[in-house]
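Its first residue numbered 1, the sequence shown is counted upward by one per residue in UniProt numbering.
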Amino acid sequence: DCGIAMTLSIPPWVFGPALRSHNERVINDLCPHFCAEEFHEACQAMTEPEGGCNIESADYRGKGIHTIARLDGDEWVINGAKQFPSGASVADAYLVTCTTDPKLAEEGIALIYVPADTPGLSFDKPENKMGMRYTDVNASIHLDNVRVPKEYRASLEPGKDHQSFRNFLSWGRLSSAAFAVGAAQAALDIALDFTSNRFYGGKQVRQHSLQAAMLADMIIGIQSARFYYLTVATMFDNRKVYGS
């Protein structure tokens, strides 16, 4: 189960945009909890009820975001809803993907940090899932006139958040590939053990051609996926060579 890996990977995913933008207000207000000895969870609130994962597609260029952030004096006022984000209802800090105006497309994307105790932030009952149940909690989020300081926008320069949005989408896809390979490898290990300890026709199940072919197809698929994500990870680590 890759739920533990998911839970541990979210805080750097969430605070990466603020760190890269040198947002001292967010770093000073929210990050210290995550540097302490006690474990704290974060939440990347992105997917929405209206369009699901459509907002993650580059083709939409931010136009599919329905959660609206409006600047009112020195505060952002956020209204909208998010669905299925990991860490919802148990996280200490939320990074909410919003738009200041859908007509602005990518230029309107705003990544805004919301502390868990902010008035107007509420949650539905956690989803009852088949997998990733141990640590990864998913629930719907509702934002009703949620107010946070204007400095809680990841990039203090308007129009720059879309770059961070694209960056963490790429990182998230790479991580998801690694999670999937890990789960597939665990399933393969179980299958290899099972077919090694079961016999018919005087030999192990895995030694029969039909079952051997099925196992071979599993191994080929897993190894191909593993080499693919490791190659992409190498590109991430060598951006001077492969570009950003």
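Ideal Cβ placement from N, Cα and C applies to all residues, glycine included.
Keep in mind the model is a prediction, meaning the values are calculated, not measured.
Using DSSP with H/G/I as helix, E/B as strand and the rest coil, what is residue i?
i	result
VAL137	coil
CYS2	coil
GLU24	helix
GLN83	coil
ALA116	coil
CYS43	strand
LYS63	coil
LYS203	strand
What distance in whole Å lies between the Cβ atoms of residue j and residue i, which are believed to be in contact at a cut-off of 8 Å?
i	j	result
THR99	ALA110	7 Å
PHE179	ASN138	So it is not a contact: roughly 14 Å between Cβ atoms.
PRO115	LEU30	7 Å
VAL14	ALA93	7 Å
ILE78	ALA69	5 Å
PHE34	PRO17	Wrong, their Cβ atoms sit about 14 Å apart, outside the cutoff.
ALA45	THR97	7 Å
Which residues mark the beginning and the end of the beta strand (DSSP E) in which residue i is found?
i	result
SER122	121 to 123
ASP74	That residue, ASP74, is in no beta strand (DSSP E); it is neither H nor E in DSSP.
VAL96	93 to 99
Counting only the same chain and skipping the five closest in sequence on each side, list residues whose C-beta sits under 6 Å from that of residue i.
i	result
ASP144	GLY120
ALA81	PRO49 and HIS142
ARG25	GLU151
MET218	LEU188
residue 252	Not covered by the structure: residue 252. The range shown for the chain is 1 to 244.
Looking at the unbroken alpha helix (DSSP H) that takes in residue i, where does it start and where does it end?
i	result
LEU104	That residue, LEU104, is in no alpha helix (DSSP H); it is neither H nor E in DSSP.
ALA225	209 to 237
Less than 8 Å between C-beta atoms, sequence neighbours within five positions excluded: which residues of the same chain meet that for residue i?
i	result
GLY201	HIS208
ASP74	PRO149 and LYS150
Which residues in the same chain as residue i place their Cβ atom closer than 7 Å to its Cβ, once the five residues preceding and following it in sequence are excluded?
i	result
SER170	none
MET132	ASP1, CYS2, GLY3 and MET6
GLY108	GLY62, THR99, THR100, ASP101 and PRO102
Output the residue ranges of the alpha helix (DSSP H) runs that lie fully inside the stretch 138 to 178 and measure 4 residues or longer, sorted by chain position.
-> Taken in chain order, the stretch 138 to 178 contains no complete alpha helix (DSSP H) segment of 4 residues or longer.
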